[in-house]
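Novice:
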RNA sequence: GGCCCGUUCGUCUAGGGGUUAGGACAUCUCCCUUUCACGGAGGAAACACGAGUUCGAUUCUCGUACGGGCUACCA
């Protein structure tokens with residue numbers, strides 16, 4: 001009863017605890033997102049902790065990248081490296097001393113022991129086992145034949161310790177016990193402890209391993225729900241044991257092991273190489289490797305809206321139980337729950353990602369888009385400030401016309417270039433198929449009739465166009481595409497007559513003449 | 001190899017002892033449109049296999065197959 005009450009009163013706290021070994025992969029972003037959604041949903045806190053206990057794998061800039069990526073995604077950090085909080089520091093390397101005492105506590109209580117085997121010796125054990133078609137594991141079955149404080153006399157152990165012989169501290173996992181725990185996504189999961197190895201808790205360099213560090217931190221930081229990738233499931237029993245041996249079982253967080261993101265094709269989990277191979281980003285932000293200088297694409301730079309990116313990621317492995325697909329962050333928070341997280345890994349679908357962006361693009365405000373576009377157009381086409389194509393009203397109309405035809409904002413300058421500058425060349429397929437010199441009189445009539453127009457509107461220009469065509473015994477279809485190409489250069493684009501009206505009499509006349517003279 | 005997790009259209013998924021197995025992306029057809037899109041309508045498309053339980057299994061159980069993860073002094 002007390003336990004349940006305690007449980008109910010505990011403020012929900014989740015964390016995202018990446019290791020700064022490079023840019024955040026989209027799978028990692030999804031893990032962070034789910035942890036964030038869950039915390040927000042329950043009015044709790046979301047923390048960012050940096051797990052940098054492996055100094056060999058430290059990559060400069062990775063931590064900054066992680067913070068920037070989360071920020072771009074709209075995942076707000078309540079506590080952590082970038083914002084501080086009551087449990088500072090949030091970087092494990094700076095908490096180094098805290099871990100040691102817990103490792104020692106476990107040694108004293110008999111749940112952990114010193115091991116002096118060198119990396120080479122263990123490697124040799126593995127090779128020997130492999131040769132015999134067996135697997136070497138440092139565990140209950142093998143530990144008594146290895147070099148550790150369980151096999152050595154206390155004097156010998158003492159001597160080794162005093163002579164600064166490198167050692168690690170290992171968890172003493174009991175033989176043949178059933179370890180059961182309840183995963184938020186998978187339900188009850190069982191392991192036999194004989195198959196769990198004696199995990200290293202404290203490395204010979206004095207740093208803790210993930211296994212010890214994340215538990216000490218989660219406990220101290222009062223984490224209630226530990227959300228992580230499925231790759232951690234096999235080591236979960238060891239973690240349960242550590243909580244038990246530290247007498248923290250009542251404060252142990254609920255674990256949720258998320259399914260992994262798989263390659264769009266073929267086998268295996270999604271990797272950076274798939275992005276390169278298939279042409280889609282696997283990182284939220286562009287990343288330049290500080291060692292090799294190699295640049296990896298990011299969703300942000302590719303032109304994705306963070307809302308679309310998050311929306312897409314959220315739907316990969318989770319569903320609301322309804323048919324809604326487009327979600328704002330707040331809607332995701334309201335709808336999120338672990339019992340709608342799918343158990344199986346999800347193949348990443350780059351095409352659906354594009355679709356999500358297109359959906360979000362349609363929702364964008366025209367005026368805002370126009371202001372962004374105006375800047376880009378000015379720069380892209382090197383136009384002077386006072387150029388008529390730069391006026392907000394004009395650009396807004398462009399946005400309105402272009403919007404349903406694009407999936408990314410940056411396509412506007414390319415697909416709609418003719419709205420801002422005259423074409424440099426004409427679609428050769430249309431010209432080749434449709435152009436005949438006999439058409440010249442029609443176009444000459446058309447141009448003079450348009451030039452006489454008092455109100456150069458879509459309706460009027462269209463009316464005149466059909467009228468002149470009729471008088472020349474030409475079906476509109478024969479010349480419509482040509483007219484489009486003469487004015488825009490492209491075979492397809494926004495509605496023809498509204499475009500003509502927008503461009504205006506003078507511009508259209510100029511473009512038509514230029515085109516005609518080059519025929 | 002061992003251990004763990006998983007398996008519904010090509011993909012993301014809903015569902016769950018009796019359903020015409022639903023939606024979305026992609027794909028195809030048609031409509032709208034004298035272009036391209038958007039939009040609308042429709043089509044094709046799935047319960048891995050084998051046993052068992054049951055009046056009845058896609059749904060429950062067990063096997064098999066397949067997929068994924070782990071098997072480091074990495075996380």
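Numbering (this note's numbering), first residue to last: 1 to 519. Note that beta-carbon positions come from the ideal geometry of N, C-alpha and C, so glycine has one too.
#1: Identify the continuous alpha helix (DSSP H) that holds residue 92 and give its terminal residues.
#2: With a threshold of 8 Å on Cβ separation, who are the neighbours of residue 103 within its own chain once the five nearest residues in sequence on each side are excluded?
#3: Given this structure, state the Cα-to-Cα distance separating residue 388 from residue 93, to the nearest angstrom.
#4: Excluding the five sequence neighbours on either side, which residues of its own chain have a C-beta within less than 6 Å of the C-beta of residue 345, listed in chain order?
#5: Looking at the secondary structure, which residues open and close the alpha helix (DSSP H) in which residue 341 lies?
#6: Within this structure, are the beta carbons of residue 458 and residue 500 separated by less than 8 Å?
#7: Identify whether residue 136 lies in helix, strand or coil by the three-state DSSP scheme.
#8: Would you mind working out which of 497, 324, 29, 311 sits nearest residue 357, comparing C-alpha positions?
#9: Can you check the region 218-261 for any alpha helix (DSSP H) of at least 4 residues that lies completely inside it and give the ranges in chain order?
#10: With a cut-off of 8 Å on the beta carbons, I'd call residue 516 and residue 442 a contact; round off their distance for me.
#11: Which residue wins for smallest C-alpha separation from residue 340, given the options 318, 39, 142, 288?
#12: Are the beta-carbon atoms of residue 114 and residue 149 separated by less than 8 Å?
#13: May I have a chain-ordered list of the alpha helix (DSSP H) segments no shorter than 4 residues that lie completely inside the region 387-433?
#14: Using the three-state DSSP reduction, which class does residue 112 fall into: helix, strand or coil?
#15: Kindly list the residues whose CB is nearer than 8 Å to the CB of residue 45, restricted to its own chain and excluding five residues on each side of it in sequence; keep chain order.
#16: Apply the 10 Å Cβ neighbour rule to residue 86 and answer buried if 16 or more other Cβ atoms are within range, or exposed otherwise.
#17: Please give me, in chain order, every unbroken run of the alpha helix (DSSP H) with length at least 4 that falls completely inside the region 117-170.
#18: So what's residue 189 in DSSP terms, helix, strand or just coil?
#19: Compare the Cα-Cα distances from residue 16 to each of 69, 461, 382 and report the closest residue.
#20: So if DSSP puts residue 178 in a beta bridge, which residue, or which two residues, is it bridged to?
#21: Beta-carbon within less than 8 Å of residue 390's beta-carbon, same chain only, minus the 5 sequence neighbours each way: which residues are those?
#22: Identify the residues that DSSP records as bridge partners of residue 287: which are they?
#23: Can you name, in chain order, every residue of its own chain whose Cβ lies under 7 Å from the Cβ of residue 25, other than the five neighbours on each side?
#24: Can you name the start and end residues of the alpha helix (DSSP H) that residue 479 belongs to?
#25: My assumption, with CB atoms under 8 Å, is that residue 406 sits in contact with residue 361. Please give the rounded CB distance.
#26: DSSP three-state call for residue 79: helix, strand or coil?
#27: Please classify residue 53: is it buried, with 16 or more other beta-carbons within 10 angstroms of its beta-carbon, or exposed?
#28: Across which residues does DSSP place residue 318 in a beta bridge pair?
#29: My assumption, with CB atoms under 8 Å, is that residue 426 sits in contact with residue 485. Please give the rounded CB distance.
#30: Measure the CB-CB distance between residue 418 and residue 504 and report whether it falls below 8 Å.
#31: Residues in its own chain within less than 7 Å of residue 82 by CB, not counting five upstream and five downstream?
#32: In whole angstroms, what separates the C-alpha of residue 422 from that of residue 482?
#33: Does the distance from the C-beta atom of residue 184 to that of residue 76 stay below 8 Å?
#34: Smallest Cα separation from residue 508: which of 135, 450, 467, 195?
#35: When you compare the CB positions of residue 37 and residue 336, do they come within less than 8 Å of one another, or not?
#36: Compare the C-alpha of residue 308 against each of 141, 408, 179 and name the closest.
Specialist: Once the coordinates are examined:
#1: For the purposes of this step, residue 92 is taken as the residue at position 92 of the first chain. Looking at the DSSP string, residue 92 is not in any alpha helix (DSSP H), and its letter there is neither H nor E.
#2: Here residue 103 refers to the residue found at position 103 when the first chain is read from its first residue. Once the five neighbours on either side are set aside, the close Cβ partners of residue 103 are 112, 169, 201, 202, 208, 212.
#3: The count along the first chain starts at 1 and reaches residue 388 at position 388. The count along the first chain starts at 1 and reaches residue 93 at position 93. Whole-angstrom Cα-Cα distance: 58 Å.
#4: The count along the first chain starts at 1 and reaches residue 345 at position 345. The answer, listed in chain order, is 259, 260, 262.
#5: Looking up residue 341 in the first chain gives position 341. For residue 341, there is no enclosing alpha helix (DSSP H), as DSSP gives it neither H nor E.
#6: In the first chain, residue 458 corresponds to position 458, counting from 1. In the first chain, residue 500 corresponds to position 500, counting from 1. Against a cut-off of 8 Å, the Cβ pair of residue 500 and residue 458 comes out as a contact.
#7: By 1-based counting over the first chain, the position of residue 136 is 136. Reduced to three states, the DSSP call for residue 136 is coil.
#8: By 1-based counting over the first chain, the position of residue 357 is 357. Ranking the options by Cα distance to residue 357, first place goes to 311.
#9: 236-245
#10: Position 516 of the first chain, counting from 1, holds the residue named residue 516. Position 442 of the first chain, counting from 1, holds the residue named residue 442. Contact doesn't hold; Cβ gap of about 11 Å is too wide.
#11: Translated into the one-based positions of the first chain, residue 340 becomes position 340. The candidate whose alpha carbon is nearest that of residue 340 is 318.
#12: As a first step, residue 114 is located in the first chain; it is residue number 114 there, counting from the start. As a first step, residue 149 is located in the first chain; it is residue number 149 there, counting from the start. Yes. Within cutoff.
#13: 392-402, 411-415
#14: For this step, residue 112 is matched to residue 112 along the first chain. Secondary structure of residue 112 (DSSP, three-state): strand.
#15: As a working note, residue 45 is residue 45 in the first chain. Once the five neighbours on either side are set aside, the close Cβ partners of residue 45 are 11, 12, 13, 14, 39, 78, 79.
#16: Translated into the one-based positions of the first chain, residue 86 becomes position 86. Residue 86 comes out exposed.
#17: 119-131, 154-162
#18: Numbered from its first residue, the first chain carries residue 189 at position 189. Assigned with DSSP and collapsed to three states, residue 189 falls in strand.
#19: Here residue 16 is taken as the residue at index 16 of the first chain, counted from 1. The residue with the shortest Cα to Cα distance from residue 16 is 69.
#20: Position 178 of the first chain, counting from 1, holds the residue named residue 178. The partner list for residue 178 (beta bridge, DSSP) reads 192.
#21: Reading the first chain from its first residue, position 390 is the one you call residue 390. Only residues of its own chain outside the window of five on either side were considered, and among them 374, 377, 378, 383 have a CB closer than 8 Å to the CB of residue 390, listed in chain order.
#22: Within the first chain, the letter at position 287 stands for residue 287. DSSP output for residue 287 lists 296 as bridge partner(s).
#23: For this step, residue 25 is matched to residue 25 along the first chain. So the qualifying residues of the chain are 282, 283.
#24: Within the first chain, the letter at position 479 stands for residue 479. Taken as a continuous stretch (DSSP letters only), the alpha helix (DSSP H) holding residue 479 covers 476-488.
#25: Numbered from 1 along the first chain, position 406 holds the residue referred to as residue 406. Numbered from 1 along the first chain, position 361 holds the residue referred to as residue 361. Beta-carbon to beta-carbon, residue 406 and residue 361 are separated by about 7 Å, close enough to satisfy the 8 Å threshold.
#26: For the purposes of this step, residue 79 is identified with residue 79 of the first chain, where counting begins at 1. Collapsing the DSSP output to three states places residue 79 in a strand.
#27: Along the first chain, one-based indexing puts residue 53 at 53. Buried, by the Cβ-count rule.
#28: Along the first chain, read from residue 1 onward, the residue named residue 318 stands at position 318. Answer by DSSP bridge pairing, in chain order: 341.
#29: Taking the first chain and counting its residues from 1, one reaches residue 426 at position 426. Taking the first chain and counting its residues from 1, one reaches residue 485 at position 485. Correct: roughly 5 Å between the Cβ atoms.
#30: The residue labelled residue 418 in the question sits at position 418 within the first chain. The residue labelled residue 504 in the question sits at position 504 within the first chain. Cβ distance not < 8 Å, so residue 418 and residue 504 don't count as in contact.
#31: Sequence index remark: in the first chain, residue 82 carries index 82 (1-based). Cβ neighbours of residue 82 beyond the five flanking positions: 48, 67.
#32: Your numbering for residue 422 matches position 422 in the first chain. Your numbering for residue 482 matches position 482 in the first chain. Their backbone Cα atoms lie some 15 Å apart in a straight line.
#33: Along the first chain, one-based indexing puts residue 184 at 184. Along the first chain, one-based indexing puts residue 76 at 76. Between residue 184 and residue 76, the CB-CB gap reaches or exceeds 8 Å.
#34: Along the first chain, one-based indexing puts residue 508 at 508. For the options 135, 450, 467, 195, the alpha carbon positioned closest to that of residue 508 is the one of 450.
#35: Locating residue 37 in the first chain gives position 37, counting from the first residue. Locating residue 336 in the first chain gives position 336, counting from the first residue. Going by C-beta atoms, residue 37 is nearer than 8 Å to residue 336.
#36: Working through the first chain from its first residue, we reach residue 308 at position 308. Among 141, 408, 179, the Cα nearest to that of residue 308 is on 408.
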